[in-house]
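Notes follow once the structure below has been shown.
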Amino acid sequence: MISENTSNTKSSTKSCTKSSPKIGLLYLDHVLRFFNCSNFKGWSEKIEQVVYHWGNDKQRFINEVKRKKIEVLIGNIPATAYETFRDIARELPNVRFIPSLDSQFSNKSKENVTHFCEKYQLPVPLTKIFYQVDEALEYLTHTDYPKIVKRSYGPSNYGGYFVHKVDTAEEALRLFSEKRYYPAYIQDFVPMKADIRVMLVGHQPICAFWRRPPEGGWLTNTSQGGSMDYQDIPEEVLEISVKASKAANAEYWACDIAVSTDDEYTILECATAFAAFPYIRDWIGQYLMWSLNPEKFTKPHIVHKNWEELGKIDSSLLRTMRHITFGQPDFSTDTGEYAPTDEHYRLLQTHYQPVEEWPSEAWNFQDIHNRLVIESKTSNGASEQLSTDSSLDCVIEEMDSGIEEHCVVNTSEQQDCLHRYDKNSSDIDCSNITADIDTSSTSKIPSITHDQLVTFFLGVKGIGQALANEIVDTLSVEGTLHALNNAPQQLTTFRNLKQKKLEIILAEWHAYVED
13 MISENTSNTK
23 SSTKSCTKSS
33 PKIGLLYLDH
43 VLRFFNCSNF
53 KGWSEKIEQV
63 VYHWGNDKQR
73 FINEVKRKKI
83 EVLIGNIPAT
93 AYETFRDIAR
103 ELPNVRFIPS
113 LDSQFSNKSK
123 ENVTHFCEKY
133 QLPVPLTKIF
143 YQVDEALEYL
153 THTDYPKIVK
163 RSYGPSNYGG
173 YFVHKVDTAE
183 EALRLFSEKR
193 YYPAYIQDFV
203 PMKADIRVML
213 VGHQPICAFW
223 RRPPEGGWLT
233 NTSQGGSMDY
243 QDIPEEVLEI
253 SVKASKAANA
263 EYWACDIAVS
273 TDDEYTILEC
283 ATAFAAFPYI
293 RDWIGQYLMW
303 SLNPEKFTKP
313 HIVHKNWEEL
323 GKIDSSLLRT
333 MRHITFGQPD
343 FSTDTGEYAP
353 TDEHYRLLQT
363 HYQPVEEWPS
373 EAWNFQDIHN
383 RLVIESKTSN
393 GASEQLSTDS
403 SLDCVIEEMD
413 SGIEEHCVVN
423 TSEQQDCLHR
433 YDKNSSDIDC
443 SNITADIDTS
453 STSKIPSITH
463 DQLVTFFLGV
473 KGIGQALANE
483 IVDTLSVEGT
493 LHALNNAPQQ
503 LTTFRNLKQK
513 KLEIILAEWH
523 AYVED
């Protein structure tokens, strides 16, 4: 039975011998907030908030955490801030990060997902990662196709744009020439009949659903015509997800698992950053309160396969449901036999491990290796050098990261292939090198104003003056541009703005940017 949670604390008659640690919620400017204080219902002590403002904000952030005497800092860290927070965590050895930086290792990049899965012998598609251009070219020229090419590191994949299916070597070379992805992250194409998202808390699956592509398609995200349902999730998929969650020592976790046409299962993505309904965030909050002070808070009971019933509820209602709890069954028998139990997947306590498993000195390959550049042909046939130096990371540092939905990007005319750029080479003029970033960057239209953004929204069918002003006034010009380019799902939080209308907005926006 589902009921409304009235209190998560144990009876006041029981003495509490352990005080609760000082909690701080970690936020970052321009990044969607996963938790708020209401997710920790029953926590009697004040919950602090600390915001990282990007740029040169590291020391100020460290000082604020110390000043507020925070002992536990809860929140997800986007890919482009991951290495900074590795440094911050080392400067705050007495602060426990939840999830730990090691648990968030897979959040940073696709290649980290691959390294994680390979270490723990988790099933993944055959993947090749190249940091040297000659090695990438050799592989792309002689491998079999089709292949999947992904941008490994950077902004999250809201709305797609960073996962591509290539059918020939020429198409692959053209794609890398145009997109300048670094490193070259290439996977075998797995003919899929669906994929499955599994969410876990304390290594227990608490939500799972199918995402199926439309007939004749391979993309499973609903915005591309895919469908989803919550019934009959294979046990093997749950087992793989539990194994991954335990390997990551993650308090909360999500896996995207491909289901091939031969019913084989491989991990596509896994991370602590994922989209979740508010009631799931409440469950995570309940679990974390119990985990941090089990003497005061009751271990939450989450019914196995609850998603099969909750999934029957309209998604618009699921987005508003909060503080769902379940009663535990009490079986009585007349003959003394064991009562049936449902503890195949138990909610488990995770334990803090201060020793780093994935130190950046060994695993930050983006900085360890030399950067790639692209050589492409301009309209007059001249070669143009485009650097992918690490300084470009600051341009996309505010973009979120996590496991999100995919779609394909069409490529244009064939270009020449990649090569390494030697900054010390005397036959290359470095003075005119221009840093070219992805077309999703807000810098493509730097002079847009508040009124111009409102006018843009008014040009979208179904958006009136009130809603147009509400969006821009609420998010600001900068925040609206960030949402349009990097986190469009943020717009669905506004009234009467659903997925179909969002797709129309994005199509209009892409046309607007190109013009």
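Residue numbers (this note's numbering): 13 to 527. Glycine residues also receive a C-beta, built at the ideal position from the N, C-alpha and C atoms.
Pick from Ile279, Leu479 and Lys34: whose alpha carbon is nearest that of valine 107?
-> Of the candidates Ile279, Leu479 and Lys34, the one whose C-alpha sits nearest the C-alpha of valine 107 is Lys34.
Helix, strand or coil at aspartate 326 according to DSSP, with G and I counted as helix | Note: aspartate 326 maps to coil in three-state DSSP.
For the stretch 238-249 and the stretch 219-228, state whether three or more C-beta atom pairs, one from each stretch, are separated by less than 8 Å.
-> Contact check between the stretch 238-249 and the stretch 219-228: three or more CB pairs, one atom from each, fall below 8 Å, which counts as touching.
Taking C-alpha atoms, which residue in Leu304, Leu85 and Val145 lies nearest to lysine 55?
-> With the sequence shown as reference, residue 55 is identified as tryptophan, and lysine is not the correct amino acid for it. Selected option, being the one with the closest Cα: Leu304.
Are glutamate 281 and proline 111 close, meaning C-beta to C-beta below 8 Å?
-> Not closer than 8 Å, so no.
What first and last residue would you give for the alpha helix (DSSP H) that runs through tryptophan 375?
-> Segment 372-375, the alpha helix (DSSP H) holding tryptophan 375.
For the alpha helix (DSSP H) holding aspartate 609, just list the boundary residues, first then last.
-> Absent from the model: residue 609. The displayed extent of the chain is 13 to 527, so no value can be given.
Looking only at DSSP bridge pairs, what is serine 121 linked to?
-> Serine 121 is bridged to Tyr165.
Looking only at its own chain, which residues have a Cβ that is under 6 Å from the Cβ of serine 184, when we skip the five neighbours before and after it?
-> For clarity, residue 184 is alanine in the given sequence; the question names serine instead. Within the same chain, alanine 184 has close Cβ partners Leu152 and Val178.
Kindly indicate which three-state DSSP category lysine 131 falls into: helix, strand or coil?
-> If DSSP states are grouped into helix, strand and coil, lysine 131 belongs with the helices.
Whether leucine 493 touches leucine 503 by CB criterion (8 Å) = No, the pair does not count as a contact, with Cβ atoms beyond the cut-off.
From methionine 301 to glutamine 477, what distance separates their C-alpha atoms?
-> Roughly 44 Å separates the two Cα atoms.
Cβ-Cβ separation, valine 63 to valine 77 (assumed contact under 8 Å), whole Å = Incorrect: roughly 11 Å between the Cβ atoms, too far for contact.
Sub-8 Å separation of isoleucine 86 and glutamine 116 beta-carbons | Not closer than 8 Å, so no.
Every unbroken alpha helix (DSSP H) within the stretch 286-343, with a cutoff of 4 residues, ordered by chain = Counting only runs that start and end inside the stretch 286-343, the alpha helix (DSSP H) elements of at least 4 residues fall at 290-304, 319-322 and 327-330.
From which residue to which residue does the beta strand (DSSP E) around glutamine 216 run?
-> Per DSSP, the continuous beta strand (DSSP E) segment holding glutamine 216 begins and ends at 216-224.
What whole-angstrom Cβ distance do valine 161 and tyrosine 197 have, given they're in contact under 8 Å?
-> The beta carbons of valine 161 and tyrosine 197 sit about 7 Å from each other, so the pair counts as a contact at 8 Å.
With DSSP run on the structure shown, which of helix, strand or coil describes threonine 139?
-> Taken through DSSP and simplified to helix, strand or coil, threonine 139 comes out as strand.
Whole-number beta carbon distance between isoleucine 279 and leucine 134, since they are thought to touch under 8 Å = Confirmed, Cβ separation roughly 6 Å.
If we ignore side chains and look at the alpha-carbon of each, how far apart do glutamate 320 and isoleucine 245 end up?
-> Near 9 Å, if we compare the C-alpha coordinates of isoleucine 245 and glutamate 320.
Have a look at phenylalanine 174 and asparagine 481 and give me their C-alpha separation to the nearest angstrom.
-> Going from the Cα of phenylalanine 174 to the Cα of asparagine 481 covers about 31 Å.
Cβ-Cβ separation, asparagine 51 to isoleucine 296 (assumed contact under 8 Å), whole Å | That pair is a contact at about 7 Å.
Can you give me the Cβ contacts of tryptophan 370 inside the same chain, cut-off strictly under 7 Å, excluding the 5 residues immediately before and after it?
-> Residues Asp114 and Phe117 of the same chain have their beta carbon placed closer than 7 Å to that of tryptophan 370, with the five preceding and five following residues left out of the count.
Secondary structure at leucine 11, three-state DSSP: helix, strand or coil?
-> Since the displayed the chain opens at 13 and closes at 527, residue 11 lies outside it and no answer follows.
Run of the alpha helix (DSSP H) containing isoleucine 252, from where it starts to where it stops = 247-260 is the span of the alpha helix (DSSP H), which, as asked, contains isoleucine 252.
Can you give the Cα-Cα distance for histidine 7 and leucine 359, rounded to whole angstroms?
-> Lying outside 13 to 527, the shown extent of the chain, residue 7 is not represented and no answer is given.
Are the beta-carbon atoms belonging to glycine 214 and tyrosine 291 less than 8 Å from one another?
-> Going by C-beta atoms, glycine 214 is not nearer than 8 Å to tyrosine 291.
Provide the residue span of the beta strand (DSSP E) that contains valine 63, from first to last.
-> Run containing valine 63: 60-64, per the beta strand (DSSP E) assignment.
Alpha-carbon to alpha-carbon, tyrosine 524 and asparagine 261 | In a straight line, the C-alpha of asparagine 261 is about 45 Å away from that of tyrosine 524.
Among His381, Asp41, Arg79 and Thr332, which residue has its Cα nearest to the Cα of arginine 507?
-> Of His381, Asp41, Arg79 and Thr332, the smallest CA-CA separation from arginine 507 is found for Thr332.
Under the three-state reduction of DSSP, which class applies to valine 472: helix, strand or coil?
-> If DSSP states are grouped into helix, strand and coil, valine 472 belongs with coil.
Taking aspartate 99 and histidine 65 to be in contact with their CB atoms under 8 Å, please state how far apart those CB atoms are, rounded to whole angstroms.
-> Their Cβ separation, rounded to whole angstroms, is 16 Å, which puts aspartate 99 and histidine 65 out of contact at 8 Å.
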